[in-house]
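Residue numbers (the working numbering): 489 to 627.
Next comes the structure, spelled out in structure tokens:
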């Protein structure tokens, strides 16, 4: 089953963790110096926040596929619609390794479809993904 994904840029990570922990009724599954993630089952969402020098607000929305076959099927639909803006294979993003397709809706809102590696190694750096890299590293 697919999981909805929301990534929000925040100005103060600690304060935001406190707020979302209260909202969701649980601590984040992953906490790093610039990042936190909740893998919720009700609602079924991968909700991530980060403090990386980007303007606060929704960074992107997406769908987390359960495996590479599902990811490939969604990627094929996006490709057939000429909606893929970037393909990343085995990339490090948000302290995990994954494959992903990036796209944008007609208003320019970034969207992502991804599938995490089955057994990701411990990742100690936030991102090699150009889309989510800290603002200073994207230039």
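No residue lacks a Cβ here, since even glycine has one placed at the ideal position from N, Cα and C. None of the values given here were measured: they were computed from a predicted structure.
Check, Outcome
"Considering just the uninterrupted stretch of the beta strand (DSSP E) at residue 565, what are its terminal residues?", "Counting along the chain, residue 565 falls outside any beta strand (DSSP E), though it belongs to the alpha helix (DSSP H) covering 556-568."
"Is residue 506 helix, strand or coil when you go by DSSP?", "helix"
"Nearest CA to the CA of residue 520: which residue from 590, 582, 597?", "582"
"Does the Cβ of residue 511 have 16 or more other Cβ atoms within 10 Å, making it buried, or fewer, making it exposed?", "exposed"
"Exposed or buried, residue 603, counting other C-beta atoms within 10 Å across all chains shown (16 or more means buried)?", "buried"
"Can you name, in chain order, every residue of its own chain whose Cβ lies under 6 Å from the Cβ of residue 588, other than the five neighbours on each side?", "576, 600, 602"
"Smallest Cα separation from residue 502: which of 493, 598, 537?", "537"
"Pairs of beta-carbons, one from the segment 517-533 and one from the segment 491-507, closer than 8 Å: are there three or more?", "yes"
"Using a 10 Å radius around the Cβ and a threshold of 16 neighbouring Cβ atoms, would you call residue 523 buried or exposed?", "buried"
"When the Cα of residue 544 is compared with those of 497, 595, 565, which residue comes out closest?", "497"
"Please report the residue range of the beta strand (DSSP E) in which residue 523 lies.", "523-529"
"Between the C-alpha atoms of residue 606 and residue 593, what's the straight-line distance to the nearest angstrom?", "A caution first: residue 606 carries a pLDDT of 46, below 50, which makes its placement in the model unreliable, though a value can still be read off. If I take the Cα positions, the gap works out to 29 Å."
"Residue 597 to residue 500, Cα distance in whole Å?", "23 Å"
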